[in-house]
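A.B. asks: The following block contains the structure, expressed as structure tokens.
In this note's numbering, the protein residues as written are 2 to 169.
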């Protein structure tokens, strides 16, 4: 069996008990985070989009911190949006207020559906080992050509964030 450590921030114990899963699992130096949604710690969904986006980022921050990581460790962020153009200005403003700018690659995609009705945004991020100095891409890009990156030597971690909005 794989040696793993379940990561459950104190604020998410109720979620872990009710849903039966851990917000993150650490295997070796890799942290895998479950999708985080914009809800309160009592599991009520926040209806106002801006506040829900803030709560989702805060929940992700809590999971990362419990696993020994920060937003600064993220090197690749992909967000999947239902009704992308409607929510993007607010999502981007919230993201820019909490997530460090120009620290990772960000791909934003519009999709037709997500796993459950009402889900409008899901974000996936990859991160390097917290004990690695600097970004893997930053250091490698200067030393190697684009086709010669040796990123396979880097330890990447994956985190996931999903933001659920009530249909309006």
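The C-beta atom is built at its ideal place from N, Cα and C for all residues, glycine as well.
Taking just the CA atoms, how far does residue 60 sit from residue 48?
C.D. replies: The residue labelled residue 48 in the question sits at position 47 within the chain shown. The residue labelled residue 60 in the question sits at position 59 within the chain shown. Spanning the two alpha carbons is a distance of roughly 16 Å.
A.B. asks: By alpha-carbon positions, which one of 16, 31 and 30 ends up nearest to residue 24?
C.D. replies: Within the chain shown, numbered from 1, the residue matching residue 24 stands at position 23. The candidate whose alpha carbon is nearest that of residue 24 is 16.
A.B. asks: Compare the C-alpha of residue 107 against each of 81, 114 and 88 and name the closest.
C.D. replies: To locate residue 107, count along the chain shown from 1; it is residue 106. The candidate whose alpha carbon is nearest that of residue 107 is 81.
A.B. asks: Whole beta strand (DSSP E) runs in the region 6-65 with 3 or more residues, listed along the chain?
C.D. replies: Complete beta strand (DSSP E) runs here, min 3: 6-8, 25-28 and 31-34.
A.B. asks: State the DSSP-derived secondary structure class of residue 124, mapped to helix, strand or coil.
C.D. replies: Here residue 124 is taken as the residue at index 123 of the chain shown, counted from 1. DSSP places residue 124 in strand when its eight states are reduced to three.
A.B. asks: Given a cut-off of 8 Å on the beta-carbon distance, is the pair residue 13 and residue 63 in contact?
C.D. replies: By 1-based counting over the chain shown, the position of residue 13 is 12. By 1-based counting over the chain shown, the position of residue 63 is 62. Against a cut-off of 8 Å, the Cβ pair of residue 63 and residue 13 comes out as a contact.
A.B. asks: Please classify residue 95: does DSSP put it in a helix, a strand, or coil?
C.D. replies: For the purposes of this step, residue 95 is taken as the residue at position 94 of the chain shown. Correct three-state label for residue 95: helix.
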